[in-house]
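Residue numbers (our numbering), protein chains in the order written: chain A, 221 to 651; chain B, 221 to 651. Each residue gets a CB set at the ideal place from its N, CA and C atoms; glycine is no exception.
Protein chains: 2
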Amino acid sequence: MKKITLGLVGFGTVGSGVVKFLQDRRSFIRDRFGIDFFLKSICDRSIDKKINKTIEKCSLTTQWEELVKDPMIDVIVELIGGVNPAKEIVVNALRKKKHVVTANKELIASLGQKLFEEAHQNGRNIYYESSVMAGVPIIRTLTEGIVGNRVKGLYGIINGTCNYILTEMTDKGYSFEHALADAKNYGYAESDPTLDINGMDATYKLAILVNLAMGKFISVKDIHTEGIAHIAHDDIEHAESLGLNIKLLAIAKQHGQEIEARVHPTLIPKDHPLAIIDGVDNAIFVETDPLGDIFLAGQGAGKMSAASGVISDLLNIAVNEGSDARSNLANLAHDTADLRMRMIDDIMTKFYIRIMAIDKPGVLSQITGILGQHEIGINSFTQKAHNRASTVPVIMLTEPAPEKKVRLALEQLHKLPVVKSKPVAIRMENP
Amino acid sequence: MKKITLGLVGFGTVGSGVVKFLQDRRSFIRDRFGIDFFLKSICDRSIDKKINKTIEKCSLTTQWEELVKDPMIDVIVELIGGVNPAKEIVVNALRKKKHVVTANKELIASLGQKLFEEAHQNGRNIYYESSVMAGVPIIRTLTEGIVGNRVKGLYGIINGTCNYILTEMTDKGYSFEHALADAKNYGYAESDPTLDINGMDATYKLAILVNLAMGKFISVKDIHTEGIAHIAHDDIEHAESLGLNIKLLAIAKQHGQEIEARVHPTLIPKDHPLAIIDGVDNAIFVETDPLGDIFLAGQGAGKMSAASGVISDLLNIAVNEGSDARSNLANLAHDTADLRMRMIDDIMTKFYIRIMAIDKPGVLSQITGILGQHEIGINSFTQKAHNRASTVPVIMLTEPAPEKKVRLALEQLHKLPVVKSKPVAIRMENP
Numbered sequence: 221m222k223k224i225t226l227g228l229v230g231f232g233t234v235g236s237g238v239v240k241f242l243q244d245r246r247s248f249i250r251d252r253f254g255i256d257f258f259l260k261s262i263c264d265r266s267i268d269k270k271i272n273k274t275i276e277k278c279s280l281t282t283q284w285e286e287l288v289k290d291p292m293i294d295v296i297v298e299l300i301g302g303v304n305p306a307k308e309i310v311v312n313a314l315r316k317k318k319h320v321v322t323a324n325k326e327l328i329a330s331l332g333q334k335l336f337e338e339a340h341q342n343g344r345n346i347y348y349e350s351s352v353m354a355g356v357p358i359i360r361t362l363t364e365g366i367v368g369n370r371v372k373g374l375y376g377i378i379n380g381t382c383n384y385i386l387t388e389m390t391d392k393g394y395s396f397e398h399a400l401a402d403a404k405n406y407g408y409a410e411s412d413p414t415l416d417i418n419g420m421d422a423t424y425k426l427a428i429l430v431n432l433a434m435g436k437f438i439s440v441k442d443i444h445t446e447g448i449a450h451i452a453h454d455d456i457e458h459a460e461s462l463g464l465n466i467k468l469l470a471i472a473k474q475h476g477q478e479i480e481a482r483v484h485p486t487l488i489p490k491d492h493p494l495a496i497i498d499g500v501d502n503a504i505f506v507e508t509d510p511l512g513d514i515f516l517a518g519q520g521a522g523k524m525s526a527a528s529g530v531i532s533d534l535l536n537i538a539v540n541e542g543s544d545a546r547s548n549l550a551n552l553a554h555d556t557a558d559l560r561m562r563m564i565d566d567i568m569t570k571f572y573i574r575i576m577a578i579d580k581p582g583v584l585s586q587i588t589g590i591l592g593q594h595e596i597g598i599n600s601f602t603q604k605a606h607n608r609a610s611t612v613p614v615i616m617l618t619e620p621a622p623e624k625k626v627r628l629a630l631e632q633l634h635k636l637p638v639v640k641s642k643p644v645a646i647r648m649e650n651p
Numbered sequence: 221m222k223k224i225t226l227g228l229v230g231f232g233t234v235g236s237g238v239v240k241f242l243q244d245r246r247s248f249i250r251d252r253f254g255i256d257f258f259l260k261s262i263c264d265r266s267i268d269k270k271i272n273k274t275i276e277k278c279s280l281t282t283q284w285e286e287l288v289k290d291p292m293i294d295v296i297v298e299l300i301g302g303v304n305p306a307k308e309i310v311v312n313a314l315r316k317k318k319h320v321v322t323a324n325k326e327l328i329a330s331l332g333q334k335l336f337e338e339a340h341q342n343g344r345n346i347y348y349e350s351s352v353m354a355g356v357p358i359i360r361t362l363t364e365g366i367v368g369n370r371v372k373g374l375y376g377i378i379n380g381t382c383n384y385i386l387t388e389m390t391d392k393g394y395s396f397e398h399a400l401a402d403a404k405n406y407g408y409a410e411s412d413p414t415l416d417i418n419g420m421d422a423t424y425k426l427a428i429l430v431n432l433a434m435g436k437f438i439s440v441k442d443i444h445t446e447g448i449a450h451i452a453h454d455d456i457e458h459a460e461s462l463g464l465n466i467k468l469l470a471i472a473k474q475h476g477q478e479i480e481a482r483v484h485p486t487l488i489p490k491d492h493p494l495a496i497i498d499g500v501d502n503a504i505f506v507e508t509d510p511l512g513d514i515f516l517a518g519q520g521a522g523k524m525s526a527a528s529g530v531i532s533d534l535l536n537i538a539v540n541e542g543s544d545a546r547s548n549l550a551n552l553a554h555d556t557a558d559l560r561m562r563m564i565d566d567i568m569t570k571f572y573i574r575i576m577a578i579d580k581p582g583v584l585s586q587i588t589g590i591l592g593q594h595e596i597g598i599n600s601f602t603q604k605a606h607n608r609a610s611t612v613p614v615i616m617l618t619e620p621a622p623e624k625k626v627r628l629a630l631e632q633l634h635k636l637p638v639v640k641s642k643p644v645a646i647r648m649e650n651p
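The following block contains the structure:
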């Protein structure tokens, strides 16, 4: 029996899930893998309030330094989130020759390159399966499963809160506000859901995915990010009648030496596998060469799912512990210097555009005229039925056009006297 | 740069795909992972006919012993298929302290336990990602990604030929024979497709999956296997009108200390993710605890997909080569002795049953009477419209019932004078 001693920093939702998993599955893991995980210490800043029963032989502290200094501890599990003091904990743990398991997307997205180098210098590894899609093994899939393939594109539903809200809006006709309130009620949104709703949570995750899939560390600042708060139910309905579903997608594509990466509400065909991912589920669709397309879906959030990813990391460490292996393909501090970012202005996409216009002769030619000036091709054009309303929705699907031209055209359209509100534009993809 | 020297046995479709992958992606693999694969020798029994151009510095032979004996070779890639002489090649390679990569499902399904022990004794590993779903990384997902979870059930579309044929029958209304001829034309079926059509290919793969997911080596003889040759287009149509799609599924479930495993045509709800997997694509749906359901799909067959799985195995070996790591969770020669197989007679499933009966009063009560005698509950009952035909189809969906009772009931029904042909029964699942 191989004994691996753990120190856990952060006893919140995921941390308590990890403890539960280790307790529930201890005999299974011993029998099947010959590995015994021993949780020696837990650090949490309000540890006294959180732990109301004794964990066998486990010491409790509010000082993470005690765990990092402890020579008996083989692996530090960091589950506090945020960059500080997580960075300090991880760096110090590595310097004390401990492996690190973390679910911290912000930390890996922001400082991955430095931390992987630190790990390398100390002959240790950082594992972070739970940082993206929780326990759904997207990180192992990219770094081990399809390793050697070229990733041409990836499209992910990687924020469960947004997917839950958009599903409610689509299926039940709710407004954004109503769906968000529901999500909070059912525990699918945090009390402050800002980072979910505004897309930043997905953006951190996308930065990690781009590094693993395309071999480039990118800054979250270079990822164009739009949240879902501005999505109107009307547009979901119009899109549905065109055979399209709306999802918050994290998208990355490689074009030769350029990479584009963005997070925004996206219309996709209803019959695409991503379109049927509902509620808090997560999924990712990866276009690779030569393997072809891979699709992976599951519960990408939640206490036990995240705990499952941490356990997977721990077992992968444990199998090699005691050897001199450097087995973590997810830790290569590589950066393909000759890849550069394509910024949002130059990214080509198709758009769904809705304009509320006064219904009188000549309006349509004014609208199409402006799009034509900017060389934006129109693929389809619908003027919705109306009952003598003063304004009617004009719905257009464009051909692929550069973001910058579309933005200029929308500004010009907004200024037309016949256009009665700010035009709505939602990008479309057909993975 | 770490140099890994390879010997390839078998230069067929997959073997030539591996050579192409190594050539096309050599500089990528060198740059990104610091690993240089050097293919030193290829063995194939008709090597002269197959290789019409020189592979740089690579020797060709018809004698596999030459590769196994060569002290320069680190890894033997076995791609000839079948148990003999593959078994001898693999065992001898391990004894000469070489790692082995194989795509040989029959070998691993039949002799996995012995081979893993042999590998363990020699401090080497056997990797076999391509043996199931080719390059779609189901083996890494089960052994590393969701490791530590309990797998309650798995449902796989793991034979591309059968899925192509059933898709053609469903979408185009073809007969089985017509769809099979099409599959051969397009290269989706081999000239002798027996092992695909009769379900055995999927059965070998399922035996491997059950070992990895549930920790038990099972014999393919204990997997109830039915092929797709008897599927009639009529039943596909009737099922569709009931909201069901037909797929050849490989199914395994764990009930306490019992495992059931079977391969057969299966009706599933049209809106299930497995139901939209069309053509030669493969997919697997895994029910786990506590992570929840995982769904993985992709091109589970074909030259470059299988080659991709081999390359993934090679890179996973290469990262640890030179260390004393025993990193392959897929090589644990464990067997949970207290698990036993539930044999087909005792397996409970719902059934779709079609009976061609004479349309006269009293017939339905005779049919339902027999089902009642065998305690088979009926969930729905449809007698299809007819135009004064002498016989009409009677379609029933049953409640879950043990196989044995259903078989006895069908035999009794067949003997009724009013029943004009052998009743059709297709199992249903709702994963």
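### Query
My guess is that P489 of chain B and T569 of chain B are in contact by the Cβ rule of under 8 Å, so how many angstroms apart are they, rounded?
Along the second sequence, one-based indexing puts residue 489 of chain B at 269. Along the second sequence, one-based indexing puts residue 569 of chain B at 349. Actually they are not in contact, since the Cβ atoms of P489 of chain B and T569 of chain B sit about 15 Å apart, beyond 8 Å.
### Query
What are the partner residues of N502 of chain A, as DSSP defines its beta bridges?
For this step, residue 502 of chain A is matched to residue 282 along the first sequence. Looking at the DSSP assignment, N502 of chain A forms a beta bridge with A:G518.
### Message
Any beta carbon of chain B sitting closer than 8 Å to that of Q632 of chain A?
### Response
Here residue 632 of chain A refers to the residue found at position 412 when the first sequence is read from its first residue. Not an interface residue.
### Query
Helix or strand or just coil, what does DSSP make of V229 of chain B?
Your numbering for residue 229 of chain B matches position 9 in the second sequence. The answer is strand: DSSP assigns V229 of chain B an E or B state.
### Alpha-carbon to alpha-carbon, G235 of chain B and P291 of chain B
Walking along the second sequence from the start, residue 291 of chain B turns up at place 71. Walking along the second sequence from the start, residue 235 of chain B turns up at place 15. Distance between the alpha carbons of P291 of chain B and G235 of chain B is about 22 Å.
### Query
Comparing alpha-carbon positions, which option in A:V371, A:K325 and A:A481 lies nearest K425 of chain A?
Here residue 425 of chain A corresponds to residue number 205 of the first sequence, with the count starting at 1. Sorting A:V371, A:K325 and A:A481 by C-alpha distance to the C-alpha of K425 of chain A places A:K325 at the top.
### Message
Quick check: V626 of chain A and I575 of chain A, are their CB atoms within less than 8 Å of each other?
### Response
In the first sequence, the residue the question calls residue 626 of chain A occupies position 406. In the first sequence, the residue the question calls residue 575 of chain A occupies position 355. No, the pair does not count as a contact, with Cβ atoms beyond the cut-off.
### Message
Give me the chain B residues within the contact set of G518 of chain A, using Cβ-Cβ distance strictly less than 8 Å, ordered along the chain.
### Response
For the purposes of this step, residue 518 of chain A is taken as residue 298 along the first sequence, with counting starting at 1. Going along chain B in sequence order, the residues near G518 of chain A (Cβ under 8 Å) are L511, G512, D513, I514 and F515.
### Query
Taking C-alpha atoms, which residue in B:Y375, B:T363, B:T361 and B:V356 lies nearest to G368 of chain A?
As a working note, residue 368 of chain A is residue 148 in the first sequence. With distances taken between Cα atoms, G368 of chain A lies closest to B:V356.
### Query
For F437 of chain B, which three-state DSSP category applies?
What you label residue 437 of chain B is simply residue 217 of the second sequence in a count that begins at 1. DSSP places F437 of chain B in coil when its eight states are reduced to three.
### Message
Let's see if you can read the secondary structure: which residues bound the alpha helix (DSSP H) around Y384 of chain B?
### Response
Start at 1 with the first residue of the second sequence, and residue 384 of chain B comes out as number 164. From DSSP, the alpha helix (DSSP H) with Y384 of chain B extends over G380 to K392.
### Message
Check this for me: beta carbons of I564 of chain B and H475 of chain B, under 8 Å apart or not?
### Response
As a first step, residue 564 of chain B is located in the second sequence; it is residue number 344 there, counting from the start. As a first step, residue 475 of chain B is located in the second sequence; it is residue number 255 there, counting from the start. Taking 8 Å as the cut-off, the Cβ atoms of I564 of chain B and H475 of chain B do not count as close.
### Query
In chain order, what residues of the same chain have a beta carbon less than 8 Å from the beta carbon of D566 of chain A, not counting five sequence neighbours either side?
Start at 1 with the first residue of the first sequence, and residue 566 of chain A comes out as number 346. Same-chain partners within the cutoff: P622, E623 and K624.
### Message
Please state the DSSP three-state secondary structure of D509 of chain B.
### Response
Locating residue 509 of chain B in the second sequence gives position 289, counting from the first residue. DSSP places D509 of chain B within a strand segment (E or B) once states are collapsed to three.
### Query
On the premise that V644 of chain A lies in contact with D455 of chain A, defined as a C-beta separation below 8 Å, what is that separation, rounded to the nearest angstrom?
As a working mapping, residue 455 of chain A is identified with position 235 in the first sequence. As a working mapping, residue 644 of chain A is identified with position 424 in the first sequence. Cβ atoms of D455 of chain A and V644 of chain A come within 8 Å of each other, at about 6 Å.
### Task
For the stretch 451-488 of chain A, list the alpha helix (DSSP H) runs that are entirely contained and at least 4 residues long, ordered along the chain.
With a minimum length of 4 residues, the continuous alpha helix (DSSP H) runs that stay inside the stretch 451-488 of chain A are 453-461.
### Message
Which same chain residues end up closer than 6 Å to I471 of chain B when comparing Cβ atoms and leaving out the 5 residues on each side of it in sequence?
### Response
Reading the second sequence from its first residue, position 251 is the one you call residue 471 of chain B. In the same chain as I471 of chain B, and ignoring 5 residues on each side of it, the C-beta atoms closer than 6 Å to its own belong to Y375 and R482, in chain order.
### Query
From A:Q593, A:G254, A:G529 and A:Y408, pick the residue whose C-alpha is nearest to that of K222 of chain A; which is it?
In the first sequence, the residue the question calls residue 222 of chain A occupies position 2. Check the Cα spacing between K222 of chain A and each of A:Q593, A:G254, A:G529 and A:Y408: the tightest is with A:G254.
### Message
Is it the case that the stretch 304-320 of chain B contacts the stretch 334-343 of chain B, given that we only count it when at least three CB pairs across the two stretches are under 8 Å?
### Response
Pairwise C-beta distances place the stretch 334-343 of chain B in contact with the stretch 304-320 of chain B, as three or more of them are shorter than 8 Å.
### Message
In the DSSP assignment, the alpha helix (DSSP H) including N558 of chain A goes from what residue to what residue?
### Response
Here residue 558 of chain A refers to the residue found at position 338 when the first sequence is read from its first residue. According to the sequence provided, residue 558 of chain A is Asp. The question's Asn does not apply to it. Taken as a continuous stretch (DSSP letters only), D558 of chain A belongs to no alpha helix (DSSP H), as it is neither H nor E.
### Task
May I ask you to list, following chain order, the residues of the stretch 221-241 of chain B that have a beta carbon less than 9 Å from some beta carbon of chain A?
Within the stretch 221-241 of chain B, the qualifying residues are G237, K240 and F241.
### Message
Can you tell me whether R370 of chain A is helix, strand or coil according to DSSP?
### Response
Stepping through the first sequence from its first residue, residue 370 of chain A is reached at position 150. In this structure, R370 of chain A counts as strand in the three-state DSSP scheme.
#### Entry: Length-filtered (3 minimum) beta strand (DSSP E) runs lying within the stretch 269-299 of chain B
Taken in chain order, the unbroken stretches of beta strand (DSSP E) that lie wholly in the stretch 269-299 of chain B and span 3 residues or more are 279-281 and 295-298.
### Query
Using a Cβ-Cβ distance under 8 Å, would P637 of chain B count as near chain A?
Counted from its first residue, the second sequence places residue 637 of chain B at position 417. The beta carbon of P637 of chain B sits no closer than 8 Å to any beta carbon of chain A.
### Task
Determine the contact status of H319 of chain A and R360 of chain A, defining contact as a CB-CB distance below 8 Å.
Translated into the one-based positions of the first sequence, residue 319 of chain A becomes position 99. Translated into the one-based positions of the first sequence, residue 360 of chain A becomes position 140. Going by beta carbons, H319 of chain A and R360 of chain A fall outside the 8 Å limit.
### Message
Give me the subset of the stretch 350-367 of chain A whose CB atoms are less than 7 Å from a CB atom of chain B, sorted by chain position.
### Response
If the cut-off is 7 Å between Cβ atoms, the stretch 350-367 of chain A has G355, V356, P357, R360, T361, E364, G365, I366 and V367 near chain B.
### Query
What residue does the beta strand (DSSP E) around S351 of chain A start on, and which one ends it?
Translated into the one-based positions of the first sequence, residue 351 of chain A becomes position 131. In the DSSP assignment, S351 of chain A falls outside any beta strand (DSSP E) and carries neither an H nor an E.
#### Entry: Opening and closing residue of the beta strand (DSSP E) in which D533 of chain B lies
For this step, residue 533 of chain B is matched to residue 313 along the second sequence. From DSSP, D533 of chain B is part of no beta strand (DSSP E) but of the alpha helix (DSSP H) over K523 to N540.
### Message
For V229 of chain B, tell me which candidate among B:Q603, B:S532, B:I296 and B:A521 has the shortest Cα-Cα distance.
### Response
If you number the second sequence from 1, residue 229 of chain B lands on position 9. The candidate whose alpha carbon is nearest that of V229 of chain B is B:I296.
### Query
What did DSSP end up calling A629 of chain A once you bin it into helix, strand or coil?
As a working note, residue 629 of chain A is residue 409 in the first sequence. In this structure, A629 of chain A counts as helix in the three-state DSSP scheme.
### Task
Please report the residue range of the alpha helix (DSSP H) in which D402 of chain A lies.
Within the first sequence, residue 402 of chain A is the residue found at index 182, counting from 1. Segment F396 to N405, the alpha helix (DSSP H) holding D402 of chain A.
### Query
Is it right to say Y406 of chain A is buried, meaning 16 or more other beta carbons lie within 10 angstroms of its own, or is it exposed?
Taking the first residue of the first sequence as position 1, residue 406 of chain A is located at position 186. Y406 of chain A is classed as exposed because its beta carbon has fewer than 16 other beta carbons within 10 Å across all chains shown.
### Task
Check each candidate in A:I531, A:Q632, A:S610 and A:R562 and name the one with the smallest Cα separation from R246 of chain A.
Stepping through the first sequence from its first residue, residue 246 of chain A is reached at position 26. The shortest C-alpha separation from R246 of chain A is found at A:I531.
### Task
Look at the Cβ atom of F652 of chain A, then the Cβ atom of I271 of chain A, and state whether they are nearer than 8 Å.
No information on residue 652 of chain A is available, as it lies outside the stretch 221 to 651 that chain A covers here.
### Query
Helix, strand or coil: which one does DSSP assign to G235 of chain B?
Taking the first residue of the second sequence as position 1, residue 235 of chain B is located at position 15. G235 of chain B sits in a helix when the DSSP states are folded into three classes.
### Message
Determine whether the beta carbon atoms of V500 of chain B and A521 of chain B lie at a separation below 8 Å.
### Response
The sequence position of residue 500 of chain B within the second sequence is 280, counting from 1. The sequence position of residue 521 of chain B within the second sequence is 301, counting from 1. Cβ distance < 8 Å, so V500 of chain B and A521 of chain B count as in contact.
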